[in-house]
Amino acid sequence: MNKVVENADQAVASISDNAVLMLGGFGLCGIPENSISALVRKGVKGLTCISNNAGVDDFGIGLMLQGKQVKKMVSSYVGENAEFERQLLSGELEVELIPQGTLAERCRAAGAGVPAFFTPAGYGTEVAEGKETREFNGKMYLLEHAFDPDFAIVKAWKGDTDGNLIFKATARNFNPLMAMAGKHTIAEVEELVEPGELDPNFIHVPGIFVNTIFKGTDYEKRIEQRTVSAG
Amino acid sequence: MNKVVENADQAVASISDNAVLMLGGFGLCGIPENSISALVRKGVKGLTCISNNAGVDDFGIGLMLQGKQVKKMVSSYVGENAEFERQLLSGELEVELIPQGTLAERCRAAGAGVPAFFTPAGYGTEVAEGKETREFNGKMYLLEHAFDPDFAIVKAWKGDTDGNLIFKATARNFNPLMAMAGKHTIAEVEELVEPGELDPNFIHVPGIFVNTIFKGTDYEKRIEQRTVSAG
Amino acid sequence: MLDKNGIAKRIAQELQDGYYVNLGIGVPTLVANYIPEGMSVTLQSENGLLGMGPFPTEAEVDADLINAGKQTVTTLPGSAFFDSATSFSMIRSGRVDLTVLGAMEVNDRGDIANWKIPGKMVKGMGGAMDLVASAKNIIVAMMHTNKAGQSKLLKECTLPITGLNCVKKVVTNLCVMDITNRGFELRELAPGVTVEMVKEATEGRLVVEGNIPTMNL
Amino acid sequence: MLDKNGIAKRIAQELQDGYYVNLGIGVPTLVANYIPEGMSVTLQSENGLLGMGPFPTEAEVDADLINAGKQTVTTLPGSAFFDSATSFSMIRSGRVDLTVLGAMEVNDRGDIANWKIPGKMVKGMGGAMDLVASAKNIIVAMMHTNKAGQSKLLKECTLPITGLNCVKKVVTNLCVMDITNRGFELRELAPGVTVEMVKEATEGRLVVEGNIPTMNL
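Chains as they are written, first to last, in this note's numbering: chain A, 304 to 534; chain B, 304 to 534; chain C, 60 to 276; chain D, 60 to 276.
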């Protein structure tokens, strides 16, 4: 069993045109920077990207949008991104907007082998159009389905060569859920250690969910809203 | 905000006859020993207990069975328990058996605000009787519902006074799921610390889910199958 | 009339000791500045943080530690990090005691519209639909009228709605109103505001009963 | 004919490097003793452990560290603990490569009965129904006949079933059989066992084609 590859290019080598990808991160926090760069280099096209956000013009998924590699974005909030807006308005890019909690739960359901579940978010709104609704204990819910991505690409803080992952602070966000949801999960980590170095009590994603792992390099970790206090 | 009480008796004070309780643990591992003893002392009756197992004759939930405090057990495996068997065969005790993964997911759903979900376990078996079935991607699933317990009673390794919990090894099992599922959650911990002493990256149950917490004492931690190797 | 900070200050009076609170982007975020001294209020940020603290100093800035508005923040003692599914588990299962949101429109049955303007670029609903569908206690913080002077407190929302029947209270620059099955019930007036001014600025059903006190800020 | 250890040894030949495996209570547990040298196989225990090691020494015994059979165990480097929902997430989402279970009855379409005998005290299905409904690769380890000498490989299960259409392979004291849409396809014979002996002990549809080799243990 060897899950370790040398770098991002090797990690994404098996991703081909028209693949459905999940990409971890919230805004630019906890995004798989190395893998995104490798996907840009590889030039793979027609991608469907399931990710809470769509990056900014020159960072994150925005880089793949610049290269016109993305056919469809599935997100809860697409933020400030001029190229995104241009492609959307011109009809080049398809967008599906999903309530954030539903997005998270549809990722979690995929990793849990739960094909569908009921959630209250979006009942009575355009999100509910065409969806089955049902009342439980006097409240209305929508039936939502698990995602079925080909690949999940996540960024962790630490990982071991068996694929166990640990995340840091709010860079955790969607990453563990997506790691568990992928048919093939690729994890890039800031620190890659040997099995036994991570405390088994504090693993966020057990290695069974991770197929490919590598040590990332040169993390920029760009900040979208640098808010500071005088201290 | 004060979630801390002195002892188990105070923690279970508001539990009254006919309450629906969730109790953490797998076998005798990770069970809320102190709270069970307090419930026995309190003598509360007619309880419905949702717990993976039912203890043994003289330990765990078995102690409540001895006192005829339990009206119904909801479990995946009731194990070896003579008094349990006697009450079941005499009709004094009602039992609902649920596949272990479904039991876990119904706990998780309660804590997640998901009223119902589909799972494959039990399709085509007597567990499926009277349940809605549906096909997803060529496979059949059952619709299962979230539990709705009045109280969840769990045992953690460490906790802080804000209710954040950490579990040890396989004593984790159902405890975090149940902690998140209770309308009122009671946690007993081996070590109770001040806020800030637990690393926020490695909290298993965030404090928002815990209403009452206390430091337990005199843990017996009985072992059901003491298997050892020569070493 | 209240400014943004006044609205935030008035909403802060709704806080109770031990509350877990989710504050939306914009005016709601300002509520954190007015938590009464000695009161324990824990802020939840839906990107996966409970126990959010103030903005960091330059030295404390950590790109891995942001709030749902993507701002750099800090943590307080007793904080916890978790994934997005756990975050919305807290929200959907009713563990968040109070949610404060901005809105474009609210109607007199408590429907809210705050995510989409037809014809404009739609950025998405983020966590708003989950929050409004799940929170047991939602307060809307907003201006009473839009830039064109039109009421935002309506009989029917004209914009695509975010959730049905969910807003319990609205605090605007003019007043505090509870939403009941009778409509907008006027509770308090902002300093310098009259009942007439509120009537004029409110399109939906407005209930004015007895003497309406002025806010005590 | 094989004894329990022989069955476990034969099943161990089905292991592949990198496999994640869930072993049921009884004979399946013995498979762990025959993992080929140098092969990386990770054992999952559904009570919340990945990377289960051997039984502890007296000094290592930890009441907080047990397997799904409630036996004290140890962990290997690279192990992880998790809650029961995450454990069954692994199982239901198909991440466990191989599940080995005991059975009371198996029919020639792969249905399995292993949890309940009418008239006897029912202890519960534990995780068995989740495992059989979810695992992509299920091997049953059992005796070919019961204590009364009756076949346990049937046309139809007589006991309440645990799951439909799920068993892919059966290893008994007599032979190895794959379950296909034609029924039980005989693949290998235990040492000293003839095709006739298998035919006599098998009530369900049995397919015997070509020369059946003897197991290489």
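Beta carbons: idealized from backbone N, C-alpha and C, even for Gly.
Own chain residues within Cβ distance below 7 Å of residue i, not counting five before or after
{"i": "Leu218 (chain D)", "result": "Met163, Glu164, Ala172, Lys175, Ile176"}
{"i": "Arg168 (chain C)", "result": "Asn224"}
{"i": "Pro250 (chain C)", "result": "Thr273, Met274"}
{"i": "Gly485 (chain A)", "result": "Met325, Pro452, Phe454, Ala455"}
{"i": "Leu263 (chain C)", "result": "The sequence as given places Gly at residue 263 (chain C); Leu does not occur at that position. So the list reads Asn166, Asp167, Leu212, Leu213, Lys214, Gly242, Phe243, once near-sequence residues are dropped."}
{"i": "Asn205 (chain C)", "result": "Lys211"}
{"i": "Leu82 (chain C)", "result": "Thr88, Val90, Ala91, Leu102, Val159"}
Residue span of the alpha helix (DSSP H) that contains residue i, given as start and end
{"i": "Gln209 (chain C)", "result": "Note, Gln209 (chain C): premise wrong, no alpha helix (DSSP H); not H, not E."}
{"i": "Thr239 (chain C)", "result": "Careful: Thr239 (chain C) lies outside any alpha helix (DSSP H), inside the beta strand (DSSP E) at 234-239."}
{"i": "Gly65 (chain C)", "result": "63-71"}
{"i": "Val86 (chain C)", "result": "86-89"}
{"i": "Ala314 (chain A)", "result": "311-314"}
Where the beta strand (DSSP E) through residue i begins and ends
{"i": "Thr515 (chain B)", "result": "515-518"}
{"i": "Ile401 (chain A)", "result": "Segment: none, Ile401 (chain A) is in no beta strand (DSSP E) and carries neither H nor E."}
{"i": "Met256 (chain D)", "result": "That residue, Met256 (chain D), is in no beta strand (DSSP E); its alpha helix (DSSP H) goes 254-260."}
{"i": "Leu326 (chain B)", "result": "323-326"}
{"i": "Ala249 (chain D)", "result": "Element bounds for Ala249 (chain D): n/a, residue is neither H nor E."}
{"i": "Tyr78 (chain C)", "result": "Tyr78 (chain C) -> no beta strand (DSSP E), and no H or E assigned at all."}
{"i": "Lys227 (chain D)", "result": "First-last for Lys227 (chain D): undefined, no H or E at that position."}
{"i": "Phe421 (chain B)", "result": "419-422"}
Per-residue contacts from residue i into chain C (C-beta, under 9 Å)
{"i": "Met483 (chain B)", "result": "Thr145, Ser148, Met149, Ser152, Arg154"}
Partners in chain C for residue i, counting only beta-carbon separations shorter than 7 Å
{"i": "Asp465 (chain B)", "result": "Gly137"}
{"i": "Gly499 (chain B)", "result": "Pro136, Gly137"}
Residue i: contacting residues in chain D (beta-carbon distance under 9 Å)
{"i": "Leu495 (chain B)", "result": "Simply none; closest approach about 18 Å."}
Nonlocal neighbours in the same chain, by C-beta distance under 6 Å from residue i, ignoring five residues either side
{"i": "His507 (chain A)", "result": "Leu468, Ile469, Phe470, Pro479"}
{"i": "Lys195 (chain C)", "result": "Gly153"}
{"i": "Trp460 (chain A)", "result": "Ile469, Phe470, Lys471, Glu493"}
{"i": "Gly382 (chain A)", "result": "Asn356"}
{"i": "Glu228 (chain C)", "result": "Strictly speaking, residue 228 (chain C) in this sequence is Lys, with Glu absent from that position. Excluding sequence neighbours, Lys228 (chain C) sits near Ile198, Asp237."}
{"i": "Val311 (chain C)", "result": "A query on residue 311 (chain C) cannot be resolved here, the shown segment of chain C reaching from 60 to 276 and no further."}
Cross-chain neighbours of residue i in chain C, by beta carbon under 8 Å
{"i": "Asn587 (chain B)", "result": "Because residue 587 (chain B) is not part of the residues shown, which for chain B are 304 to 534, the question remains open."}
Contact test: residue i Cβ vs the ligand FMN heavy atom, cutoff 8 Å
{"i": "Ala316 (chain B)", "result": "You won't find the ligand FMN in this model; it holds no ligand whatsoever."}
Amino acids of chain A, ordered along the chain, whose beta-carbon sits closer than 9 Å to that of residue i
{"i": "Tyr444 (chain B)", "result": "Val417, Pro418, Ala419"}
Chain-ordered chain A contacts of residue i [CB-CB under 8 Å]
{"i": "Met180 (chain C)", "result": "Glu388, Leu391, Leu392"}
{"i": "Ala472 (chain B)", "result": "Pro503, Asn504"}
{"i": "Tyr93 (chain D)", "result": "The premise fails here: Tyr93 (chain D) is roughly 18 Å from chain A at the closest Cβ pair, so nothing lies under 8 Å."}
Contacts that residue i makes with chain D (C-beta to C-beta distance below 7 Å)
{"i": "Gly414 (chain A)", "result": "Ser148, Ser152"}
{"i": "Asn476 (chain B)", "result": "Asn106, Gly107, Asp142, Ser143"}
Proximal residues of chain A, C-beta to C-beta of residue i below 7 Å
{"i": "Thr88 (chain C)", "result": "Ordered by position in chain A, no residue passes the 7 Å Cβ test against Thr88 (chain C), which lies about 10 Å from the chain."}
{"i": "Thr422 (chain B)", "result": "Val417"}
{"i": "Met188 (chain C)", "result": "Pro402, Ala424, Gly425, Thr428, Val430"}
Chain D residues whose Cβ lies nearer than 8 Å to that of residue i
{"i": "Ser378 (chain B)", "result": "Gly183"}
Under 7 Å by beta carbon: chain B residues contacting residue i
{"i": "Asp167 (chain C)", "result": "Neighbours of Asp167 (chain C) on chain B: none; closest Cβ ~27 Å, over 7 Å."}
{"i": "Phe439 (chain A)", "result": "Pro418, Ala419"}
Contacting residues, own chain, Cβ-Cβ under 8 Å from residue i (five flanking each side not counted)
{"i": "Asn126 (chain D)", "result": "Ser104, Asn106, Leu108, Met111, Val132"}
{"i": "Glu119 (chain D)", "result": "Thr133"}
{"i": "Met202 (chain D)", "result": "Lys211, Thr231, Asn232"}
Proximal chain B residues relative to residue i, where beta-carbon distance stays under 8 Å
{"i": "Ala162 (chain D)", "result": "Those do not exist, as Ala162 (chain D) stays about 14 Å from chain B at its closest Cβ, beyond 8 Å."}
Where residue i meets chain B, residues with beta-carbon distance less than 9 Å
{"i": "Ser210 (chain C)", "result": "Going along chain B, no residue has its Cβ under 9 Å from Ser210 (chain C), so there is no contact; the nearest lies around 33 Å."}
{"i": "Gln75 (chain D)", "result": "Neighbours of Gln75 (chain D) on chain B: none; closest Cβ ~24 Å, over 9 Å."}
Taking only runs that begin and end inside the stretch 139-223 of chain D, name each unbroken alpha helix (DSSP H) of 4 or more residues, in chain order.
Listed in chain order, they are 143-151, 187-193.
Those runs of the alpha helix (DSSP H) which lie wholly inside the stretch 334-393 of chain A and span at least 4 residues
336-345, 364-369, 385-393
At a CB distance below 7 Å, what residues from the stretch 305-334 of chain A approach chain D? Give them in sequence order.
none
Just list the alpha helix (DSSP H) runs in the stretch 428-503 of chain B, keeping only unbroken ones of 4 residues or longer that don't cross its boundaries, in chain order.
Here the runs fully enclosed are 478-484.
Contiguous beta strand (DSSP E) assignments of at least 3 residues, all confined to the stretch 91-128 of chain D:
Restricted to the stretch 91-128 of chain D, the beta strand (DSSP E) segments that are unbroken, complete and at least 3 residues in length are 101-104, 108-112, listed in chain order.
Could you name the residues of the stretch 214-243 of chain D whose beta carbon sits closer than 9 Å to any beta carbon of chain B, in the order they occur along the chain?
Pro219, Ile220, Thr221, Gly222, Leu223, Asn224
Which residues, in order along the stretch 110-134 of chain C, keep a beta-carbon less than 8 Å from a beta-carbon of chain B?
Gly110, Thr134
Relative to chain C, which residues along the stretch 507-527 of chain B have a C-beta separation below 7 Å, given in chain order?
Pro509, Gly510, Ile511, Phe512
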